[in-house]
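Residue numbers (the working numbering): 85 to 196. This report refers to the structure that appears directly beneath it.
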Amino acid sequence: MDQTQGGRSGHLFESQDVFVPFHKRQTHAGDGPHSAQNHGDAAATAATSTNSIASAEHGCYDPAKKAHVFQRYCHVYRQGELTDLAASVDGTRILEEYYDAGNWCILAQKVE
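The structure is reproduced here in structure tokens:
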């Protein structure tokens, strides 16, 4: 795909529908809202077990990044495609179209 606009991500996609890596960093006991400190040992154990099961079934662990790597679906818009799609919705005004982080984006406003 033609992505000569740049963008922060640096991704160059071969097609409009792709899977891209998503890195989920490991959390440690005592970190975050589900920690044993904040919700008791049972809650922390349950959260850790659930995350481990999901990781084992659908991702792989990258020790260099200390993260589980999953694949997420991404649709890469062509210039004007997202604008045309949003403009077809009644009560929508497109304020801006721009290219950022490897994909086309819009700023839209609901109008009455």
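Just so you know, even glycine gets a beta-carbon here, dropped at the ideal spot from N, CA and C. Nothing here was measured: the structure is a model prediction, and the numbers come from that model.
Using only the alpha-carbon positions, how far apart do LYS149 and THR111 sit? 13 Å
Looking only at its own chain, which residues have a Cβ that is under 6 Å from the Cβ of CYS144, when we skip the five neighbours before and after it? VAL153
Do ALA170 and ALA151 have their CB atoms nearer than 8 Å? no
To the nearest angstrom, how far is the alpha carbon of ALA185 from that of VAL160? 11 Å
On the DSSP bridge list, what partners appear for LEU191? GLU180
In whole angstroms, what is the alpha-carbon distance linking TYR183 and PRO147? 33 Å
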